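Enquirer:
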Amino acid sequence: AQSVTQLDSQVPVFEEAPVELRCNYSSSVSVYLFWYVQYPNQGLQLLLKYLSGSTLVKGINGFEAEFNKSQTSFHLRKPSVHISDTAEYFCAVSTTGAQKLVFGQGTRLTINP
Amino acid sequence: NAGVTQTPKFRVLKTGQSMTLLCAQDMNHEYMYWYRQDPGMGLRLIHYSVGEGTTAKGEVPDGYNVSRLKKQNFLLGLESAAPSQTSVYFCASLTDANTGELFFGEGSRLTVL
């Protein structure tokens, strides 16, 4: 069975600073990887996904993630964050396309002015 | 186009009471899911459905039942609520099983006293 570990439960950064949210997965077969974002009092929405092909994936709101098979990682990055990026971010993995995702514990990103 | 709608949004129950959460989607999606979200544990899959008339167990199905009598509706039932079922429940539907995106409702906050 696959699993996901988000290494940081909380990440505080200053506005306009870069940020990296870390995600590691374990699986014995090929995986599909996702990042979802949850703004306060809302449901989750898709930021980006890796299904195949280029290991660098670009998503919405200036976020990108890189699939690293040798390190079993899928870290999320943004070069310059904004106050509006304050949210909880979830990494998710699946071995069956998008059908049954296993979510990580979440990382709360706090942006300080 | 409402997307995914959950009712009710808030509910307080006493131990042993029963209730049903309703999820409705107007996007003609085949796959639907019920997750629960607890602090520090991310989202965990309770039950899911791959089409009208079908249901399957997820990671944490005990204490819950589901039904998918109509394609657009996915009901989550608690027959005898327990304090351990205090959580925020999210319904989601999936655009495409292989490459798709989960669309989430806004959540239903349930407190069991």
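Just so you know, the protein sequences line up as chains A and B, in that order. For the first sequence, the working numbering begins at 1 and goes up steadily by one. For the second sequence, the working numbering begins at 1001 and goes up steadily by one. All C-beta atoms, glycine included, are put in the ideal place defined by N, C-alpha and C. A quick note: this is a predicted structure, and the numbers were derived from the prediction, not measured.
#1: For B/Gly1058, which residues in the same chain have their Cβ closer than 7 Å to its Cβ, ignoring the five residues on either side in sequence?
#2: Between the alpha carbons of B/Leu1043 and A/Gln105, how many angstroms are there, rounded?
#3: Specify whether the region 80–90 of chain A and the region 1011–1019 of chain B touch according to this definition: at least 3 beta carbon pairs, one from each stretch, less than 8 Å apart.
#4: For B/Thr1111, does the count of other Cβ atoms within 10 angstroms reach 16, so buried, or fall short, so exposed?
#5: At the 7 Å Cβ level, is B/Phe1074 part of the contact set with chain A, yes or no?
#6: Helix, strand or coil for B/Asp1062 per DSSP?
#7: Is the beta carbon of A/Val57 closer than 7 Å to that of A/Leu48?
#8: Any residues in the region 1097–1108 of chain B with a beta carbon nearer than 9 Å to a beta carbon of chain A? Which ones, in chain order?
#9: To be precise: take each residue of the region 21–49 of chain A, compare its Cβ to all Cβ atoms of chain B, and keep it if any distance is under 9 Å. Which residues remain?
#10: For A/Ala98, which residues in the same chain have their Cβ closer than 7 Å to its Cβ, ignoring the five residues on either side in sequence?
#11: Listing by chain order, which chain A residues have their CB less than 7 Å from the CB of B/Gly1042?
#12: Where does A/Ala92 land, buried or exposed, given buried means 16+ other C-beta within 10 angstroms?
#13: Rounded to whole angstroms, what is the Cα-Cα separation between B/Tyr1089 and A/Gln10?
#14: Between which two residues does the beta strand (DSSP E) carrying B/Asp1038 extend?
#15: Check the Cβ-Cβ distances between A/Gly62 and every residue of chain B, and say whether any is below 7 Å.
#16: Would a check of beta-carbon distances place A/Gly53 closer than 7 Å to chain B?
#17: Let me see if you follow: with CB-CB separation under 7 Å, is A/Gly97 close to chain B or not?
#18: Is the region 1074–1082 of chain B touching the region 1095–1106 of chain B in the sense that three or more CB pairs, one from each, lie closer than 8 Å?
#19: Once the 5 residues before and after A/Phe103 are set aside, which same chain residues still bring their CB inside 6 Å of it?
#20: Given a cut-off of 7 Å, decide if B/Ser1087 and B/Arg1036 are closer than it, judged by their beta-carbon atoms.
#21: Whose C-beta lies closer than 6 Å to the C-beta of B/Thr1095 among residues of the same chain, with five residues either side of it excluded?
#22: Assuming A/Ser30 and A/Ser3 form a contact by the criterion Cβ under 8 Å, report the distance between their Cβ atoms to the nearest whole angstrom.
#23: Within its chain, find whatever has a CB closer than 7 Å to the CB of B/Val1012; leave out the 5 residues flanking it on each side and keep chain order.
Expert: For this structure:
#1: Leu1045, Ile1046, His1047, Tyr1048
#2: 7 Å
#3: no
#4: exposed
#5: no
#6: coil
#7: yes
#8: Ala1097, Asn1098, Thr1099, Gly1100, Glu1101, Leu1102, Phe1103, Phe1104, Gly1105, Glu1106, Gly1107
#9: Tyr32, Phe34, Tyr36, Gln38, Asn41, Gln42, Gly43, Leu44, Gln45, Leu46, Lys49
#10: Tyr32
#11: Phe90, Phe103, Gly104, Gln105, Gly106
#12: buried
#13: 22 Å
#14: 1031–1038
#15: no
#16: no
#17: yes
#18: no
#19: Phe90, Ala92
#20: yes
#21: Glu1101
#22: That belief does not hold up - the Cβ atoms of A/Ser30 and A/Ser3 are roughly 15 Å apart, past 8 Å.
#23: Thr1111, Leu1113
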